[in-house]
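Remarks on the structure that follows.
In my numbering, the protein residues as written are -3 to 346.
Here's what the structure looks like:
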């Protein structure tokens, strides 16, 4: 598969939403491989840092990291069968941006970057979405900040960027041994998110593709942050979603390229046929032109064959990603409505 362009993702979350542990868990999961897809850090020191944090977590260290105080670019190669096919840049904006610790230049810089992105990760911790948890009252301040950012973004960018609404630390919604209460907590958190934080994303004709994805390092962390077992939940799905968007765009481009090459080959064959028509004198006179047209047709068909092979690989990888996304726990997909749709339908709208 030929290398595809870099994919940009903007990652925004309130202070303490868990962006660093998300990056750590996602990187560790993807390094092991998901359907042959892996991530490789382009920045050696970043890879070492993530591995070090992950090692400390697994060995019983602190599962919650200090809030991000600065912007950081995380750069990865996305590989399939260890062959790089996508470049990814995730820009992690400091959490203070969503709690008023920002100025106009900060917001302008963020919005300008988001206009270049293929996907936006909005990270909101579960403790802001459950009225029984201590940070519930902060949800209104988060809503105000998100409204400002998305309003300025929509004013500069006519095409609505796909958004992943990540409910981080979702282990706080899990009630051990009580699946009904757990289900109720997830439903209430989702409803709070949809009705009180980003309600405009779900109105009719909003044109925002939205993926709601609860993520956690493990459900046991709700009861014991230090000693709970690490067992990531949905942690890799936001990245797979961004990858599926990039692959879908690549598929569309390759289909157009394939059709263009086939049409060019057909036109060249038609020209060659015209040069070969008529009496012997005419055929002799235009023999070089006919040969050149035949060679052009063969070259176009050869190129089309290569593009078709790449297209088939892209489509195969895309379907693997879609199948994985469809099996996420407590995940939901929306477009122009509060009615949940399939991941296939959502990606058709992107």
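Quick reminder that beta carbons are idealized off the backbone N, C-alpha and C, glycines included.
Residue environment, residue i, which counts as buried when at least 16 other CB atoms sit within 10 Å
i: residue 282; result: buried
i: residue 326; result: buried
i: residue 155; result: exposed
i: residue 172; result: exposed
i: residue 277; result: exposed
Beta-carbon proximity of residue i to residue j, cut-off 7 Å
i: residue 214; j: residue 231; result: no
i: residue 105; j: residue 3; result: no
i: residue 13; j: residue 164; result: yes
i: residue 250; j: residue 307; result: yes
i: residue 233; j: residue 324; result: yes
i: residue 15; j: residue 69; result: no
i: residue 107; j: residue 159; result: no
i: residue 7; j: residue 110; result: no
i: residue 166; j: residue 212; result: yes
i: residue 157; j: residue 116; result: yes
i: residue 200; j: residue 294; result: no
i: residue 346; j: residue 229; result: no
i: residue 51; j: residue 122; result: no
Secondary structure of residue i, DSSP reduced to three states
i: residue 210; result: strand
i: residue 76; result: strand
i: residue 22; result: helix
i: residue 269; result: helix
i: residue 249; result: helix
i: residue 30; result: strand
i: residue 115; result: strand
i: residue 336; result: coil
i: residue 328; result: strand
i: residue 347; result: In the structure as shown, the chain begins at -3 and stops at 346. Residue 347 is therefore absent and cannot be evaluated.
i: residue 205; result: strand
i: residue 14; result: coil
i: residue 68; result: strand
i: residue 54; result: helix
Euclidean distance between Cα positions of residue i and residue j
i: residue 22; j: residue 259; result: 43 Å
i: residue 292; j: residue 253; result: 16 Å
i: residue 285; j: residue 296; result: 16 Å
i: residue 178; j: residue 301; result: 51 Å
i: residue 24; j: residue 48; result: 11 Å
i: residue 53; j: residue 20; result: 10 Å
i: residue 247; j: residue 314; result: 9 Å
i: residue 175; j: residue 257; result: 55 Å
i: residue 243; j: residue 272; result: 43 Å
i: residue 44; j: residue 337; result: 39 Å
i: residue 112; j: residue 118; result: 16 Å
i: residue 287; j: residue 268; result: 7 Å
i: residue 238; j: residue 5; result: 8 Å
i: residue 255; j: residue 182; result: 46 Å
i: residue 279; j: residue 264; result: 16 Å
i: residue 347; j: residue 28; result: Since the first and last residues shown for the chain are -3 and 346, residue 347 lies out of range.
i: residue 42; j: residue 299; result: 39 Å
i: residue 312; j: residue 83; result: 19 Å
Other residues of its chain near residue i: CB distance less than 7 Å, five sequence neighbours each side excluded
i: residue 36; result: 72, 73 and 75
i: residue 193; result: 120, 135, 138, 139 and 142
i: residue 186; result: 208 and 328
i: residue 190; result: 198 and 334
i: residue 290; result: 268
i: residue 39; result: 71
Own chain, CB closer than 6 Å to residue i, minus 5 neighbours either side, in chain order
i: residue 316; result: 31
i: residue 339; result: 318, 321, 322 and 329
i: residue 188; result: 125
i: residue -3; result: Note that residue -3 has pLDDT 47, beneath the 50 cutoff, so the model's placement of it is unreliable and the number below is only indicative. 81, 306 and 309, listed in sequence order.
i: residue 145; result: none
heavy atom of the ligand NAP below 6 Å from residue i C-beta
i: residue 84; result: Absent from the structure shown: the ligand NAP. Ligands present: none.
Same chain, Cβ closer than 8 Å to residue i, five either side skipped, listed in chain order
i: residue 236; result: 30, 33, 317, 320 and 321
i: residue 77; result: 32
Test: residue i CB closer than 7 Å to a CB of chain D
i: residue 342; result: Considering every chain present, this structure includes no chain D. It has just one protein chain.
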